[in-house]
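Chemist:
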Amino acid sequence: MWLRLPKVTIRLLLSVLLIIIFLAPFYWMLLTAFKTLDEVVAVPPKFWVDKLQWVNFKDAFTRINFLHYTKNSIIITLGTLVGQMLVVVPAAYAFARYQFKGKSLLFGLVLATMMVPGQLIFLPVFVMFANVGLLNTYVSLIVPFIASGMAIFMLRQTFMQVPDSILEAARLDNSSEWKIIRTIMLPMAVPTLSTLALLTFIGTWNSYFFPLVWTTTDAVRTLPLGVKKLQDSEGLNPHIVMAGNMMLILPILIVFMFARKHIIKAFTYSGVK
Numbered sequence: 398m399w400l401r402l403p404k405v406t407i408r409l410l411l412s413v414l415l416i417i418i419f420l421a422p423f424y425w426m427l428l429t430a431f432k433t434l435d436e437v438v439a440v441p442p443k444f445w446v447d448k449l450q451w452v453n454f455k456d457a458f459t460r461i462n463f464l465h466y467t468k469n470s471i472i473i474t475l476g477t478l479v480g481q482m483l484v485v486v487p488a489a490y491a492f493a494r495y496q497f498k499g500k501s502l503l504f505g506l507v508l509a510t511m512m513v514p515g516q517l518i519f520l521p522v523f524v525m526f527a528n529v530g531l532l533n534t535y536v537s538l539i540v541p542f543i544a545s546g547m548a549i550f551m552l553r554q555t556f557m558q559v560p561d562s563i564l565e566a567a568r569l570d571n572s573s574e575w576k577i578i579r580t581i582m583l584p585m586a587v588p589t590l591s592t593l594a595l596l597t598f599i600g601t602w603n604s605y606f607f608p609l610v611w612t613t614t615d616a617v618r619t620l621p622l623g624v625k626k627l628q629d630s631e632g633l634n635p636h637i638v639m640a641g642n643m644m645l646i647l648p649i650l651i652v653f654m655f656a657r658k659h660i661i662k663a664f665t666y667s668g669v670k
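Residue 609 in my numbering sits at position 212 of the sequence shown, with consecutive numbering throughout.
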């Protein structure tokens, strides 16, 4: 039967199937967030709601210090984004446009960092921060993630595509290297920068393991830990827990909707196949 269908139809059916598989968990989370407890435990389960229960979001917001955890997440995410751009952009530009001794070795080490899982280094970093008194601070949750091998690699690929003639013309006009980066390189790398910013945002905003092991109090703990605290206290109320999860992922969905076009361009033109 499948062999008789046109290839276009088969591809369409497979695409629809994949979309359903990927979206089903999100739909169920959203659905549960708007249900009453009776509807959540109903058998057979209901795939719709009779009335949206916005009170679930209010309960999730008030039963933990939601604003405190959100503030910490915003500070740590923005700090990581800004710090990463300040480090990654000059490094990628140097690897793409300069020739210096040991360049290949250094770039190889940068690529090697992409193969080292973060869980392998968390203990040495924990000991280092403990020795200098930086545990339970924003610094301990920002600094380790500023230098990103993936970000340097992707930006380097983008910077290498800028024609040499453009850079030579800028230098003939007495443009400094920083001006070249600011006025030529960065505008041409907007799709890649947007992609990197989104990936960093998602990774930092959703980070659970490192804020858990590098903090011992709620002082700088982030929203994922707050939602876990909500889950521990409201485990018998899954509709409230799902409402908390929806508020956790909502910023990611909003950012993704605005950045999706740049992401497609980045992976189409940056040379990352």
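Idealized CB from N, CA, C, for every residue including glycine.
Rounded to whole angstroms, what is the Cα-Cα separation between Asp561 and Arg568?
Modeler: Translated into the one-based positions of the sequence shown, residue 561 becomes position 164. Translated into the one-based positions of the sequence shown, residue 568 becomes position 171. Distance between the alpha carbons of Asp561 and Arg568: 11 Å.
Chemist: Hey, could you find the ends of the alpha helix (DSSP H) Met551 is sitting in?
Modeler: Residue mapping note: residue 551 aligns to position 154 of the sequence shown, counting from 1. Start and end: Gly546 to Phe556.
Chemist: Should Trp602 be labelled buried (16 or more other beta-carbon atoms within 10 Å of its own) or exposed?
Modeler: Your numbering for residue 602 matches position 205 in the sequence shown. Buried, by the Cβ-count rule.
Chemist: Skipping 5 residues on each side, what residues in its chain have a beta carbon closer than 8 Å to that of Lys500?
Modeler: Here residue 500 refers to the residue found at position 103 when the sequence shown is read from its first residue. So the list reads Phe492, once near-sequence residues are dropped.
Chemist: Determine, using beta carbons only, whether Met547 and Leu596 come nearer to each other than 9 Å.
Modeler: In the sequence shown, residue 547 corresponds to position 150, counting from 1. In the sequence shown, residue 596 corresponds to position 199, counting from 1. The answer is yes: Cβ separation under 9 Å.
Chemist: Closest by CA to Phe454, which one among Phe655, Pro442 and His636?
Modeler: Residue numbering aside, residue 454 sits at position 57 when the sequence shown is read from its first letter. With distances taken between Cα atoms, Phe454 lies closest to His636.
Chemist: Can you tell me where the alpha helix (DSSP H) with Lys500 in it begins and where it stops?
Modeler: Here residue 500 refers to the residue found at position 103 when the sequence shown is read from its first residue. Lys500 -> alpha helix (DSSP H) spans Lys500 to Thr510.
Chemist: If you scan the stretch 409-455 from start to end, which runs of the beta strand (DSSP E) of 3 or more residues do you find wholly inside it?
Modeler: Runs found: none.
Chemist: Flag this pair as yes or no: are the beta carbons of Phe458 and Met644 separated by less than 9 Å?
Modeler: The residue you call residue 458 lines up with position 61 of the sequence shown. The residue you call residue 644 lines up with position 247 of the sequence shown. Cβ distance < 9 Å, so Phe458 and Met644 count as in contact.
Chemist: If contacts are defined as beta-carbon pairs under 8 Å, then Leu627 and Ile461 qualify, I think. What distance do you get, rounded to the angstrom?
Modeler: Here residue 627 refers to the residue found at position 230 of the sequence shown. Here residue 461 refers to the residue found at position 64 of the sequence shown. Correct: roughly 5 Å between the Cβ atoms.
Chemist: Can you confirm whether the stretch 502-520 touches the stretch 533-550 when touching is taken to mean that 3 or more C-beta pairs between the two stretches lie within less than 8 Å?
Modeler: Counting Cβ pairs under 8 Å, three or more are found: they touch.
Chemist: Write down the C-beta distance between Val486 and Leu552 rounded to the nearest angstrom, noting that I regard them as a contact closer than 8 Å.
Modeler: Here residue 486 refers to the residue found at position 89 of the sequence shown. Here residue 552 refers to the residue found at position 155 of the sequence shown. Right, their Cβ atoms sit about 7 Å apart.
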